[in-house]
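Asker: Last residue of the sequence shown: 381 in my numbering, with the numbers rising by one and none dropped.
Below: one structure in structure tokens.
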Amino acid sequence: MIKVGRRRVVGVIRGVRTYHFDSFRRGDCVVLRSVLKPDKASLSKPLENGSQWQTPYGVFGHDEIIGKKTRSTIVNKHGDKFLVTHPTLEEYILHRIRLAQPIYPHDAAAIVNLADIHVDNGCVDPDETLHYLEAGTGHGSLTLAICRAIHSANVRNADGTVEKQGAVLHSIDRNQNHSKVGRRNVQNFRRGMYSNDVQFHVADSPAEWLKTQQDMQLSGVFLDLPSPHVGLKAIAKEMRLDAPLTVFCPSVSQIQDLSEEVNQDADIPLTMITVAELLPGMGGGMRPWDVRSSVVKETGQIARVCRPKVGSKMVGGGFVALFKRIPDGIRKPRITNQPSQSPSHSPSEETSWWSRLKSFWKS
19 MIKVGRRRVV GVIRGVRTYH FDSFRRGDCV VLRSVLKPDK ASLSKPLENG SQWQTPYGVF
79 GHDEIIGKKT RSTIVNKHGD KFLVTHPTLE EYILHRIRLA QPIYPHDAAA IVNLADIHVD
139 NGCVDPDETL HYLEAGTGHG SLTLAICRAI HSANVRNADG TVEKQGAVLH SIDRNQNHSK
199 VGRRNVQNFR RGMYSNDVQF HVADSPAEWL KTQQDMQLSG VFLDLPSPHV GLKAIAKEMR
259 LDAPLTVFCP SVSQIQDLSE EVNQDADIPL TMITVAELLP GMGGGMRPWD VRSSVVKETG
319 QIARVCRPKV GSKMVGGGFV ALFKRIPDGI RKPRITNQPS QSPSHSPSEE TSWWSRLKSF
379 WKS
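See the structure below:
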């Protein structure tokens, strides 16, 4: 069914639900931006009838916004005009209240792009669901980026329910509060259009969670953990052949430890494809680094911190490594090359030899 209006096309096409954001509804999060200073913006909580919004520019009633067209203007008590819009993903992530440090949107997009995911409801077997794993839900920023990549694999009915689940993301965090925040952030972004693409779980580790699943083959894995090498073998064993495993770390030393773990254990069926730095956003030609030792909360071990310094003038940054699943048994254990043993000479022999040589040249 397609209804054609003078300015827009609305309706349901081939059972796929379409989303329209030309006006504001109850439950929307909106951005308030000064007309005179458009670089200054505030993000609202989900709009509710009768609620009020405290901003640095004054108090605005939610009822003033609900029902208005997007990019409408509202006025504060001083007569200043403000533009009201739906938030971009970047605005949404940067302005949401956080319990965990988010992966910034541009970094999250680069991480997902590196995994090179290509799925669509037409290319997935009707009787099959592709499973993706994210370990470290945190703020939910990487979760949203992954959901955008797999969203087209899922066919929805007119009421928003899933008719066919072609792909699903399993997002795991050991902290229940972080998991709740991540779930809420997904639900409140763009009317929850990505909510059916992800399932949230609380578990001590991804390896422990995988033990509770039967015959699950992972089509892709994303790790944002303080110790990503822990349980890596168990995760890799559950991956499809050639599936990507993408690891984000703020410190390059963590990537190095992970690489050593893979190289030293031939039973881990992974091979490293590439390592890249996600450059932080800052001006100037120098990048300050944070080099120190720190204690990992989860293990109590001392870890090296070696990463670009994050401060008020920097946004994002870190390192990302891409591994691919390879067939079992194809790798051989790495053999450490031992230095060749040169013939030993006693001090007296060496001295005698040197004396004879000097005598020869004198003669």
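Yeah, the Cβ is synthetic: ideal placement off N, Cα and C, and Gly gets one too.
A quick note: this is a predicted structure, and the numbers were derived from the prediction, not measured.
Does DSSP classify Cys165 as helix, strand or coil?
Answerer: As a working note, residue 165 is residue 147 in the sequence shown. Three-state result, Cys165: helix.
Asker: Could you tell me whether the Cβ atoms of Asn172 and Asn206 are closer together than 8 Å?
Answerer: Stepping through the sequence shown from its first residue, residue 172 is reached at position 154. Stepping through the sequence shown from its first residue, residue 206 is reached at position 188. No, they are not a contact pair.
Asker: May I have the straight-line CA-CA distance separating Gln272 from Leu65, to the nearest angstrom?
Answerer: Within the sequence shown, the letter at position 254 stands for residue 272. Within the sequence shown, the letter at position 47 stands for residue 65. Rounded to whole angstroms, Gln272 to Leu65 spans 42 Å at the Cα level.
Asker: Leaving out five residues on either side along the sequence, give the residues of the same chain with a beta carbon under 8 Å from the beta carbon of Lys342.
Answerer: Looking up residue 342 in the sequence shown gives position 324. Cβ within range, chain order: Asp260, Ala261, Pro262, Leu263, Leu288, Thr289 and Ile291.
Asker: Within 8 Å, do at least three Cβ pairs link the stretch 71 to 87 to the stretch 138 to 153?
Answerer: Flag = no, the stretch 138 to 153 and the stretch 71 to 87 do not touch.
Asker: If we count the other Cβ atoms within 10 Å of its Cβ and call it buried at 16 or more, is Asp9 buried or exposed?
Answerer: The question about residue 9 has no answer, for the chain in this structure spans 19 to 381.
Asker: Thinking C-alpha only, which one of His157, Gly156 and Tyr150 is nearest His169?
Answerer: Counted from its first residue, the sequence shown places residue 169 at position 151. Of the candidates His157, Gly156 and Tyr150, the one whose C-alpha sits nearest the C-alpha of His169 is Tyr150.
Asker: Starting from Glu108, trace the alpha helix (DSSP H) both ways and give me its first and last residue.
Answerer: Taking the first residue of the sequence shown as 1, we reach residue 108 at position 90. Residues Leu107 to His113.
Asker: Using alpha carbons as the reference points, say which of Ile92, Asp222, His247 and Asn203 lies closest to Tyr382.
Answerer: The structure shown has nothing for residue 382, since the chain only spans 19 to 381.
Asker: Taking contact to mean at least 3 C-beta pairs separated by less than 8 Å, is the stretch 157 to 166 in contact with the stretch 90 to 106?
Answerer: Flag = no, the stretch 157 to 166 and the stretch 90 to 106 do not touch.
Asker: Give me the Cα-Cα distance between Cys267 and Gly336, rounded to the nearest whole angstrom.
Answerer: Against the sequence shown, residue 267 aligns to sequence position 249. Against the sequence shown, residue 336 aligns to sequence position 318. Looking at the two C-alpha atoms, the distance is approximately 6 Å.
Asker: Could you give the C-beta distance for Leu340 and Leu132, rounded to a whole number, given that I count them as a contact under 8 Å?
Answerer: For the purposes of this step, residue 340 is taken as residue 322 along the sequence shown, with counting starting at 1. For the purposes of this step, residue 132 is taken as residue 114 along the sequence shown, with counting starting at 1. That belief holds up - the Cβ atoms of Leu340 and Leu132 are roughly 5 Å apart, short of 8 Å.
Asker: Where Leu250 and Leu101 are concerned, what is the direct C-alpha to C-alpha distance, given to the nearest angstrom?
Answerer: Numbered from its first residue, the sequence shown carries residue 250 at position 232. Numbered from its first residue, the sequence shown carries residue 101 at position 83. Their backbone Cα atoms lie some 48 Å apart in a straight line.
Asker: Can you tell me whether Arg44 is buried or exposed? The criterion is at least 16 other CB atoms within 10 Å of its CB, across all chains shown.
Answerer: As a working note, residue 44 is residue 26 in the sequence shown. When all chains shown are included, Arg44 counts as exposed.
Asker: How about Cys324 and Ser269: are their beta carbons less than 8 Å apart?
Answerer: For this step, residue 324 is matched to residue 306 along the sequence shown. For this step, residue 269 is matched to residue 251 along the sequence shown. Yes.
Asker: Could you pull the DSSP bridge partners for Phe341 from this structure?
Answerer: Taking the first residue of the sequence shown as position 1, residue 341 is located at position 323. Phe341 is bridged to Leu263 and Met290.
Asker: I'd like the list of long-range same chain contacts for Ala126, defined as Cβ closer than 7 Å, with 5 residues on each side in sequence excluded.
Answerer: Locating residue 126 in the sequence shown gives position 108, counting from the first residue. If we look at Ala126 and ignore the five residues flanking it on each side, its Cβ neighbours are Ser159, Leu160 and Ala163.
Asker: Short of 6 Å in beta carbon distance, which residues of its chain neighbour His113, apart from the five on each side in sequence? Order them along the chain.
Answerer: Taking the first residue of the sequence shown as position 1, residue 113 is located at position 95. Within the same chain, His113 has close Cβ partners Leu61.
Asker: Count the other C-beta atoms from every protein chain shown that fall within 10 angstroms of the C-beta of Asp138, then say buried if there are 16 or more, exposed otherwise.
Answerer: The sequence position of residue 138 within the sequence shown is 120, counting from 1. With fewer than 16 Cβ atoms within 10 Å of its Cβ, Asp138 is classed as exposed.
Asker: Can you pull the DSSP bridge partners for Gln72?
Answerer: As a first step, residue 72 must be located in the sequence shown, where it is residue number 54. In DSSP, Gln72 forms a bridge with Val77.
Asker: Would you tell me roughly how many angstroms separate the C-alpha atoms of Leu50 and Ile84, rounded to the nearest one?
Answerer: Along the sequence shown, read from residue 1 onward, the residue named residue 50 stands at position 32. Along the sequence shown, read from residue 1 onward, the residue named residue 84 stands at position 66. The alpha-carbon atoms of Leu50 and Ile84 are separated by roughly 13 Å.
Asker: If distances are taken between C-alpha atoms only, which option among His188, Gly318, Gly156 and Asp283 comes closest to Arg349?
Answerer: Within the sequence shown, numbered from 1, the residue matching residue 349 stands at position 331. Answer by Cα proximity: Asp283.
Asker: Report buried or exposed for Ser330, applying the criterion of at least 16 other Cβ atoms within 10 angstroms of its Cβ.
Answerer: By one-based count along the sequence shown, residue 330 stands at place 312. Legend: pLDDT at Ser330 = 43, less than 50; position of this residue unreliable, value from coordinates given subsequently. Exposed.
Asker: Is the CB-CB distance between Ala118 and Leu296 below 8 Å?
Answerer: Sequence index remark: in the sequence shown, residue 118 carries index 100 (1-based). Sequence index remark: in the sequence shown, residue 296 carries index 278 (1-based). Not in contact: Ala118 and Leu296 (Cβ atoms no closer than 8 Å).
Asker: Cβ atoms of Gly154 and Asp242: under 8 Å apart, would you say?
Answerer: The residue you call residue 242 lines up with position 224 of the sequence shown. The residue you call residue 154 lines up with position 136 of the sequence shown. Against a cut-off of 8 Å, the Cβ pair of Gly154 and Asp242 comes out as a contact.
Asker: Over the uninterrupted beta strand (DSSP E) stretch that includes Glu152, give me the two end residues.
Answerer: Taking the first residue of the sequence shown as 1, we reach residue 152 at position 134. Residues Leu148 to Ala153.
Asker: Measuring only the C-alpha atoms, how far is Val265 from Ala294?
Answerer: Residue 265 sits at position 247 when you count from the first residue of the sequence shown. Residue 294 sits at position 276 when you count from the first residue of the sequence shown. So the alpha carbons of these two residues sit roughly 11 Å apart.
Asker: Tell me, which residues are paired with His219 by DSSP?
Answerer: Position 201 of the sequence shown, counted from the start, is the residue given in the question as residue 219. Answer is Ile190, bridged to His219.
Asker: Strictly by DSSP, which residues pair up with Gly238?
Answerer: Taking the first residue of the sequence shown as position 1, residue 238 is located at position 220. In the DSSP output, where bridge partners are listed per residue, Gly238 has Tyr150.
Asker: In angstroms with no decimal places, state the Cα-to-Cα distance between Asn175 and Pro74.
Answerer: By one-based count along the sequence shown, residue 175 stands at place 157. By one-based count along the sequence shown, residue 74 stands at place 56. Roughly 41 Å separates the two Cα atoms.
Asker: Per DSSP, Met257 forms a beta bridge with which residues?
Answerer: Numbered from 1 along the sequence shown, position 239 holds the residue referred to as residue 257. BP columns for Met257 point to Leu236.
Asker: Looking at the secondary structure, which residues open and close the alpha helix (DSSP H) in which Ala128 lies?
Answerer: Position 110 of the sequence shown, counting from 1, holds the residue named residue 128. Pro123 to Ala133 is the extent of the alpha helix (DSSP H) around Ala128.
Asker: Give the DSSP-derived three-state secondary structure of Leu228 in the structure shown.
Answerer: Translated into the one-based positions of the sequence shown, residue 228 becomes position 210. Helix at Leu228.
Asker: Is the distance from the Cβ of Ala252 to the Cβ of Leu228 below 8 Å?
Answerer: One-based indexing of the sequence shown puts residue 252 at position 234. One-based indexing of the sequence shown puts residue 228 at position 210. Yes, Cβ-Cβ distance for Ala252 and Leu228 is below 8 Å.
Asker: Near Lys99, which residues of its chain fall below 6 Å by C-beta distance, leaving aside the five closest residues on each side in sequence?
Answerer: The residue you call residue 99 lines up with position 81 of the sequence shown. Result list for Lys99: Val53, Thr91 and Val93, in chain order.
Asker: If contacts are defined as beta-carbon pairs under 8 Å, then His157 and Val216 qualify, I think. What distance do you get, rounded to the angstrom?
Answerer: Counting from 1 along the sequence shown, the entry for residue 157 is found at position 139. Counting from 1 along the sequence shown, the entry for residue 216 is found at position 198. Not really, about 14 Å apart at Cβ, beyond 8 Å.
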